[in-house]
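Novice:
Numbering (the numbering used here), first residue to last: 89 to 374.
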């Protein structure tokens with residue numbers, strides 16, 4: 089069969105036929121898609137099944153991570169305890185300004201060189217932080233016992249800043265170099281502070297601890313030793329707070345005799361309240 093020549097008219101007809109076929113095909117697919125979407129919209133169950141078929145990995149519910157819920161109350165209590173300990177530790181360490189105030193005042197009061205006083209105060213604060221004792225109470229005992237003289241010795245054998253009986257407490261000195269270290273300021277402060285804390289715990293009060301420390305546990309009176317230490321402790325508290333405190337203590341006024349029937353004056357009551365507050369604060373710092 090002889091081939092017919094290709095003309096522009098035949099090519100145009102073929103193209104139009106192809107385009108018409110494609111349009112009809114797209115129309116059918118579009119109508120089918122619209123019908124399927126309408127069916128899925130009207131039937132949620134069918135839509136869910138189709139979704140599961142298209143995405144099988146999403147059909148299985150993801151396992152929720154198991155997180156053990158920590159009990160809130162014990163955690164809060166532990167945090168509160170830690171914060172309280174931090175606050176107490178900060179108070180025992182004190183600030184640089186507080187230590188500077190105490191150092192300057194003690195150096196003037198007991199005529200000690202500034203560097204030496206600074207070393208003694210720093211050691212007292214560090215020791216207090218380690219054994220949980222008020223550093224100002226330690227310094228008050230040092231002041232009354234030896235006047236901050238690291239080489240002080242008593243006829244009874246008490247030595248150093250805190251006048252520790254090395255023969256009696258030789259077991260505690262073994263941890264810091266033996267009884268020969270009694271005149272070492274750092275060792276003497278550490279041992280003396282530990283002894284004081286043990287006595288306060290044993291007796292249950294600062295007064296009882298001081299009375300035992302001075303060796304008057306079996307006597308009715310400590311001859312005013314505890315009162316002297318607490319008075320110095322109270323002065324050191326005022327100094328640490330930045331208040332002016334004379335370095336020379338004025339002589340005590342003559343004691344007035346008051347009849348039993350006479351009520352206590354406000355001044356006496358205020359003095360007793362101040363002493364009670366000082367004792368309570370010293371106990372609170374233990």
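C-beta atoms are modelled at their ideal positions from N, C-alpha and C, and glycine is treated no differently.
This one's a predicted model, so the numbers in the text were calculated from it and none came from an experiment.
1) So residue 274 and residue 191 are in contact, right, with Cβ under 8 angstroms, and what is the actual spacing, rounded?
2) Quickly, what does DSSP pair residue 247 with across the bridge? List them, please.
3) Please go through the same chain and pick out, in chain order, the residues whose beta-carbon is closer than 8 angstroms to the beta-carbon of residue 235, but skip the five residues on each side of it.
4) When DSSP labels each residue in this structure, what does residue 101 get in the three-state scheme?
5) Quick one: is residue 332 buried, meaning 16 or more other Cβ sit within 10 Å of its Cβ, or exposed?
6) Within the same chain, show all residues whose beta-carbon is closer than 7 angstroms to that of residue 223, passing over the 5 residues directly before and after it, in chain order.
7) Examine the Cβ distances between the region 225 to 235 and the region 194 to 209 and report whether three or more of them are shorter than 8 angstroms.
8) Quick check on the DSSP output: the alpha helix (DSSP H) that includes residue 337 runs from which residue to which?
9) Taking the straight line between their C-alpha atoms, what separation do you get for residue 257 and residue 242?
10) How close, in whole Å, do the beta carbons of residue 324 and residue 227 come, if the pair is a contact with beta carbons under 8 angstroms?
11) Taking just the CA atoms, how far does residue 334 sit from residue 218?
12) From the DSSP output, in three-state form, read off residue 108 for me.
13) Is the separation between the beta-carbon of residue 276 and that of residue 270 shorter than 8 angstroms?
14) Anyone know if the C-beta pair for residue 194 and residue 205 falls short of 8 angstroms?
15) List the endpoints of the continuous alpha helix (DSSP H) containing residue 218.
16) In three-state DSSP terms, what is residue 234?
17) So is residue 261 buried or exposed if we call it buried at 16+ other beta carbons inside 10 Å?
18) For residue 320, which residues of its own chain have a beta-carbon under 7 angstroms away from its beta-carbon, when the five flanking residues on both sides are left out?
19) Going along the chain, which residues of its own chain have a beta-carbon closer than 8 angstroms to the beta-carbon of residue 265, five neighbours each way excluded?
20) Quick one: residues in its chain with C-beta nearer than 7 angstroms to the C-beta of residue 297, no 5 flanking neighbours on either side, listed in chain order?
21) Helix, strand or coil for residue 262? Go by DSSP, reduced to three states.
22) Would you call the CB atoms of residue 280 and residue 253 closer than 8 angstroms?
23) Just curious, the alpha helix (DSSP H) that residue 320 is in, first and last residue?
24) Output the distance between the C-alpha atoms of residue 304 and residue 313, rounded to the nearest integer angstrom.
25) Is residue 308 helix, strand or coil when you go by DSSP?
Specialist: Answer, in terms of the structure:
1) Taking the chain shown and counting its residues from 1, one reaches residue 274 at position 186. Taking the chain shown and counting its residues from 1, one reaches residue 191 at position 103. So it is not a contact: roughly 16 angstroms between Cβ atoms.
2) The count along the chain shown starts at 1 and reaches residue 247 at position 159. Partner(s): 241, 252.
3) Within the chain shown, the letter at position 147 stands for residue 235. Result list for residue 235: 198, in chain order.
4) Within the chain shown, residue 101 is the residue found at index 13, counting from 1. Of the three classes helix, strand and coil, the one that applies to residue 101 here is helix, per DSSP.
5) Taking the chain shown and counting its residues from 1, one reaches residue 332 at position 244. Looking at its Cβ environment, which holds fewer than 16 other Cβ atoms inside 10 Å, residue 332 is exposed.
6) Looking up residue 223 in the chain shown gives position 135. For residue 223, where only same-chain residues beyond five positions count, the Cβ hits under 7 angstroms are 180, 182, 212, 213, 216.
7) yes
8) On the chain shown, position 249 is the one that residue 337 refers to. Neither: residue 337 is in no alpha helix (DSSP H) and is coded neither H nor E.
9) Position 169 of the chain shown, counting from 1, holds the residue named residue 257. Position 154 of the chain shown, counting from 1, holds the residue named residue 242. Distance between the alpha carbons of residue 257 and residue 242 is about 16 angstroms.
10) Residue 324 sits at position 236 when you count from the first residue of the chain shown. Residue 227 sits at position 139 when you count from the first residue of the chain shown. Confirmed, about 6 angstroms.
11) Along the chain shown, one-based indexing puts residue 218 at 130. Along the chain shown, one-based indexing puts residue 334 at 246. Those two C-alpha atoms are separated by around 31 angstroms.
12) As a working note, residue 108 is residue 20 in the chain shown. DSSP places residue 108 in helix when its eight states are reduced to three.
13) Counting from one through the chain shown, the residue named residue 276 turns up at place 188. Counting from one through the chain shown, the residue named residue 270 turns up at place 182. Yes, these two residues count as a Cβ contact at 8 angstroms.
14) Here residue 194 refers to the residue found at position 106 when the chain shown is read from its first residue. Here residue 205 refers to the residue found at position 117 when the chain shown is read from its first residue. Yes, Cβ-Cβ distance for residue 194 and residue 205 is below 8 angstroms.
15) Taking the first residue of the chain shown as position 1, residue 218 is located at position 130. Unbroken alpha helix (DSSP H) run through residue 218: 202 to 219.
16) For the purposes of this step, residue 234 is identified with residue 146 of the chain shown, where counting begins at 1. Helix.
17) In the chain shown, residue 261 corresponds to position 173, counting from 1. Burial call: buried.
18) Numbered from 1 along the chain shown, position 232 holds the residue referred to as residue 320. Counting only Cβ-Cβ distances below 7 angstroms, and skipping sequence neighbours, we find 228, 231, 232.
19) The residue labelled residue 265 in the question sits at position 177 within the chain shown. 272, 275, listed in sequence order.
20) By 1-based counting over the chain shown, the position of residue 297 is 209. Cβ within range, chain order: 284, 287, 288, 291.
21) Position 174 of the chain shown, counted from the first residue, corresponds to residue 262. Here residue 262 sits in helix by DSSP.
22) Numbered from 1 along the chain shown, position 192 holds the residue referred to as residue 280. Numbered from 1 along the chain shown, position 165 holds the residue referred to as residue 253. Not a contact, by the Cβ cut-off of 8 angstroms.
23) Here residue 320 refers to the residue found at position 232 of the chain shown. It spans 313 to 328 - the alpha helix (DSSP H) in which residue 320 sits, taken as one unbroken run.
24) Stepping through the chain shown from its first residue, residue 304 is reached at position 216. Stepping through the chain shown from its first residue, residue 313 is reached at position 225. The straight-line gap from Cα to Cα measures roughly 10 angstroms.
25) Numbered from 1 along the chain shown, position 220 holds the residue referred to as residue 308. In the structure shown, residue 308 sits in coil (DSSP, three-state: anything other than H, G, I, E or B).
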